[in-house]
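Undergrad: First the structure, which I've put down as structure tokens, then a few questions once you've had a look.
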Amino acid sequence: MFTFLRRVIRFGWHNFWRAGGLNIATVFVLIVTLTLITCLFISEGAVNHIMDQIKEKIDISVYMTPDTSDEEIELIKNKLVAMPEVQEVKIVSKEDAMNQFREKHQNDPVLLESLDIVGTNPFYASLDIKAKNPEQYAAILEVINSDSLKDVVYKVDYVEKKTVIEKLSGFITNVNTGGLALALALGVVAVLVAFNTIRVAIYDASKEISIMRLVGASNSFIRGPFIVQGIISGAIAALASFIILLLMTYFLAPKIESLTSGFNVFSWFISRAFGLFFLQLVSGIALGVISSLIAIRKYLTA
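Numbering (our numbering), first residue to last: 4 to 305.
This is the structure:
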């Protein structure tokens, strides 16, 4: 068994370097495919970072009636906090709302003067509610609109944000689905292109294969060197793709961080370097071996 493996590996290594030009083409295709597939994972990380930031800015504001006491507001807050869908509930008093308004419009003296002329605080106390996931706002809204709270709830600022929430949820779903479809498409393209380049290499060795069959070589022995070639091509492509992405993320990190408001792609890549390289290595070898098996099949069944 050891002798068989040693010969197969030796022949595979020899054939890989002998068909240098064709194998370079195969490795190049695999590098492009692995790099693009890995970029999908990186882009998903950036999208998730952006989505998390957007989620932090989305909430439901529940305005209470003027005669609602602080104790009642605190009880409602505790009731909402106990819900599994709720991440955080913050009480904004009438005074806090007034101060926030003044700070936001501090450069608009006309508006501030109009507020002073009113003489009283026109704002309502409110509860700012954040859900753990955008899809969970509907369940929170059901509780807020229940009969037990209808006498203390003046207005719910949800309709204005509902469209943003729904678009956000749909965008996340589409990004994940589109990324998976693109990864599968790239894998198919890689197999097809690598299959054709390997098939040409096998065609060049068709006379050797015929001679091996005449002298009684088993299908496993004939197939073995080409599988080794596929493994070598996939491993080289994975290493090259990893180095390319390492350099790309390092040099592009400042620009991407400024565009995504804080997503450091190089730190993200380094923290997952082992897993990403393992994924690239397994994917590269799998694509190379599958292409080799498909290409050699014709000569083994002839």
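Ideal Cβ positions, reconstructed from N, Cα and C, are used throughout, including at glycine.
1) With 16 other CB atoms within 10 Å as the buried threshold, where does L285 fall?
2) Should N26 be labelled buried (16 or more other beta-carbon atoms within 10 Å of its own) or exposed?
3) What does a CB cutoff of less than 8 Å around A256 pick up in its chain, not counting 5 residues either side in sequence?
4) Among A240, I53, G173 and M67, which residue has its Cα nearest to the Cα of S261?
5) According to DSSP, is Q347 helix, strand or coil?
6) For the segment 76-88 against the segment 107-116, are there 3 or more C-beta pairs whose distance is under 8 Å?
7) Rounded to a whole number of angstroms, what is the C-alpha to C-alpha distance between A100 and Y127?
8) Are there 16 or more other CB atoms within 10 angstroms of the CB of R9, so buried, or fewer, so exposed?
9) Report the three-state DSSP secondary structure of D154 (helix, strand or coil).
10) Using three-state DSSP, classify Y140 as helix, strand or coil.
11) Using CA atoms only, rank isn't needed, just tell me which of D160, A184 and I94 is closest to S72.
12) If you follow the alpha helix (DSSP H) that M101 is in, where does it begin and where does it stop?
13) Check whether the Cβ atoms of G237 and G291 lie closer than 7 Å to each other.
14) Mapping the DSSP letters down to three states, classify K133 as helix, strand or coil.
15) Between the C-alpha atoms of S294 and T252, what's the straight-line distance to the nearest angstrom?
16) Mapping the DSSP letters down to three states, classify E88 as helix, strand or coil.
17) Where does S64 sit, in a helix, a strand or coil, going by DSSP?
18) Can you list, in chain order, the residues of its chain with a C-beta nearer than 7 Å to that of Q283? Leave out the 5 residues immediately preceding and following it.
19) Helix or strand or just coil, what does DSSP make of D160?
20) What's the gap between the Cα of F229 and the Cα of F31?
21) Thinking just about the alpha-carbon of each residue, which of K158, L33 and E116 is nearest to the one in M67?
22) Out of R13, L39 and I12, state which residue places its alpha-carbon closest to the alpha-carbon of V192.
23) Taking just the CA atoms, how far does D154 sit from I175?
24) When burial is assigned at 16 or more other CB atoms within 10 Å of the CB, is S129 buried or exposed?
25) Along the chain, where does the alpha helix (DSSP H) that runs through L270 open and close?
TA: Taking the definition as stated:
1) Numbered from 1 along the sequence shown, position 282 holds the residue referred to as residue 285. One detail in the question is off: residue 285 reads as Val in this sequence, not Leu. Exposed, by the Cβ-count rule.
2) Numbered from its first residue, the sequence shown carries residue 26 at position 23. Per the 10 Å Cβ criterion, buried.
3) Reading the sequence shown from its first residue, position 253 is the one you call residue 256. Hits under 8 Å: N267, V268, F269 and S270.
4) Taking the first residue of the sequence shown as position 1, residue 261 is located at position 258. The shortest C-alpha to C-alpha distance from S261 to any of A240, I53, G173 and M67 is the one to I53.
5) Absent from the model: residue 347. The displayed extent of the chain is 4 to 305, so no value can be given.
6) no
7) Reading the sequence shown from its first residue, position 97 is the one you call residue 100. Reading the sequence shown from its first residue, position 124 is the one you call residue 127. A100 and Y127 have their C-alpha atoms spaced approximately 7 Å apart.
8) Locating residue 9 in the sequence shown gives position 6, counting from the first residue. Its Cβ having fewer than 16 others within 10 Å, R9 is exposed.
9) Position 151 of the sequence shown, counting from 1, holds the residue named residue 154. Coil, per DSSP.
10) The residue given as residue 140 occupies position 137 in the sequence shown. Three-state result, Y140: helix.
11) Here residue 72 corresponds to residue number 69 of the sequence shown, with the count starting at 1. Of D160, A184 and I94, the residue nearest in Cα terms is I94.
12) As a first step, residue 101 must be located in the sequence shown, where it is residue number 98. Looking at the DSSP string, the run of the alpha helix (DSSP H) that includes M101 is K97 to K107.
13) For this step, residue 237 is matched to residue 234 along the sequence shown. For this step, residue 291 is matched to residue 288 along the sequence shown. Result yes, Cβ atoms of G237 and G291 sit closer than 7 Å.
14) In the sequence shown, counting from the first residue as 1, residue 133 sits at position 130. Residue state, collapsed to three classes: strand.
15) In the sequence shown, the residue the question calls residue 294 occupies position 291. In the sequence shown, the residue the question calls residue 252 occupies position 249. Going from the Cα of S294 to the Cα of T252 covers about 30 Å.
16) For this step, residue 88 is matched to residue 85 along the sequence shown. If DSSP states are grouped into helix, strand and coil, E88 belongs with coil.
17) Position 61 of the sequence shown, counted from the start, is the residue given in the question as residue 64. Of the three classes helix, strand and coil, the one that applies to S64 here is strand, per DSSP.
18) Position 280 of the sequence shown, counted from the start, is the residue given in the question as residue 283. Contacts found: L37, T41, A241, S244 and F245.
19) Translated into the one-based positions of the sequence shown, residue 160 becomes position 157. Reduced to three states, the DSSP call for D160 is strand.
20) Counting from 1 along the sequence shown, the entry for residue 229 is found at position 226. Counting from 1 along the sequence shown, the entry for residue 31 is found at position 28. Cα to Cα, the separation comes out at about 18 Å.
21) In the sequence shown, counting from the first residue as 1, residue 67 sits at position 64. Ranking K158, L33 and E116 by Cα distance to M67 puts K158 first.
22) Counting from 1 along the sequence shown, the entry for residue 192 is found at position 189. When the alpha-carbon of V192 is set against those of R13, L39 and I12, the nearest one is in L39.
23) Taking the sequence shown and counting its residues from 1, the one referred to as residue 175 is at position 172. Taking the sequence shown and counting its residues from 1, the one referred to as residue 154 is at position 151. C-alpha separation (whole angstroms): 37 Å.
24) Reading the sequence shown from its first residue, position 126 is the one you call residue 129. Answer is buried; the Cβ neighbour count reaches 16.
25) The residue you call residue 270 lines up with position 267 of the sequence shown. Note on identity: in this sequence residue 270 is Ser, with Leu being the wrong assignment. S270 -> alpha helix (DSSP H) spans V268 to S274.
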